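Below is one structure; the comments refer to it alone.
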Amino acid sequence: MEYTNVTTAIILGVFGFAGLIKGVVGLGLPPIVLGLLTAIIGIHPAMALVALPAFITNIVQAISGQYWHTLWLTQRLFFFFATISVALGCLLTQFVDQTHMSLLLGVLLVCYGSLGIIQFKPRISAPWQPRAGVLLGVCNGVFTGLTGSSAVPGVFYLQAIGLPKEKLIQAMGILFTCSSLGLSIGLIWQGILTPSTSALSVAALLPATLCMFVGAKLRKRISVAVFQRIFYSALTLLGAYVIVKNSALIV
Numbered sequence: 498m499e500y501t502n503v504t505t506a507i508i509l510g511v512f513g514f515a516g517l518i519k520g521v522v523g524l525g526l527p528p529i530v531l532g533l534l535t536a537i538i539g540i541h542p543a544m545a546l547v548a549l550p551a552f553i554t555n556i557v558q559a560i561s562g563q564y565w566h567t568l569w570l571t572q573r574l575f576f577f578f579a580t581i582s583v584a585l586g587c588l589l590t591q592f593v594d595q596t597h598m599s600l601l602l603g604v605l606l607v608c609y610g611s612l613g614i615i616q617f618k619p620r621i622s623a624p625w626q627p628r629a630g631v632l633l634g635v636c637n638g639v640f641t642g643l644t645g646s647s648a649v650p651g652v653f654y655l656q657a658i659g660l661p662k663e664k665l666i667q668a669m670g671i672l673f674t675c676s677s678l679g680l681s682i683g684l685i686w687q688g689i690l691t692p693s694t695s696a697l698s699v700a701a702l703l704p705a706t707l708c709m710f711v712g713a714k715l716r717k718r719i720s721v722a723v724f725q726r727i728f729y730s731a732l733t734l735l736g737a738y739v740i741v742k743n744s745a746l747i748v
């Protein structure tokens, strides 16, 4: 797909903005990029553009810490099923209209944002974690394949097992790395992620990565709690906009 100079500038700006937020709170790049760009260029092109920047920025987040080995040993079933089940989600896109996929994305954004606003913090006891990890990992992978967003319900699972702040951020990095890898493979298989799309995706990597590092610096200087409330409120409004826009298309 060819884009005008204005559209290209908007795309790069969206990636920079999303990277800044990811640097502060540890997540947000795919939801923000998909939420904003789906309204402009459609969900499939947006998913293709977000794949590479999400993968690279998530690798940086996943290895920036000392907990990688421990997290992989204790949560490998969750990460494994969250990765392989992306293929099922990608397969389902062959039978689901793009408008309905966009609606699902909007619903997930609203749920994600609303639960964040009310500071929903479930708890899963240690004996139940393996089974819950498999079930929620599969759900997370299917939603990733369908919408390109890999935060729901995976992030809530990682919060529910009681990870401290820095360990949680690194765990989210591992989850998002695995999910974006599976999504990239699925998009290539579907013919959505093409060489022409990859070129713009590579260009978007620069503002996303640079702004993520800026956000990581800001994280040490601002109230993350206040920022998270603003972030979750914005996600809720963005999801509502995506729902209204695509509901009108169905009607």
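When the letters of the sequence shown are read in order and numbered with this note's numbering, they come out as residues 498 to 748. Just so you know, even glycine gets a beta-carbon here, dropped at the ideal spot from N, CA and C. In this text the structure is predicted, and so the values were computed from the model without any measurement.
Around the C-beta of F617, fewer than 16 other C-beta atoms lie within 10 Å, and the residue is accordingly described as exposed. Boundaries of the alpha helix (DSSP H) around P527: 526-538. Excluding five sequence positions before and after G513, the CB atoms of its chain that fall closer than 7 Å to its own CB belong to P704, A705, C708, given in chain order. Contact between A559 and G688 is absent: CB atoms are separated by about 28 Å, not below the 8 Å threshold. DSSP, read as helix, strand or coil, puts E499 in coil. Nearest to I685 by alpha-carbon distance, out of L612, G613, C587, is C587.
Collapsing the DSSP output to three states places F592 in coil.
Apart from sequence neighbours up to five positions away, the residues of its chain that approach T590 with a beta-carbon distance below 8 Å are M598, G642, L643, Q687, ordered along the chain.
Relative to the Cα of L732, the nearest Cα in the group K714, L533, L672 belongs to L533. In the structure shown, L690 adopts coil according to DSSP, grouped into three states. Remark: fewer than three beta-carbon pairs, one from each stretch, lie closer than 8 Å, so the segment 714-722 and the segment 595-611 are not flagged as touching. DSSP places I658 outside both helix and strand once states are collapsed to three, so it counts as coil. Rounded to whole angstroms, the separation of the alpha carbons of V511 and I537 is 11 Å.
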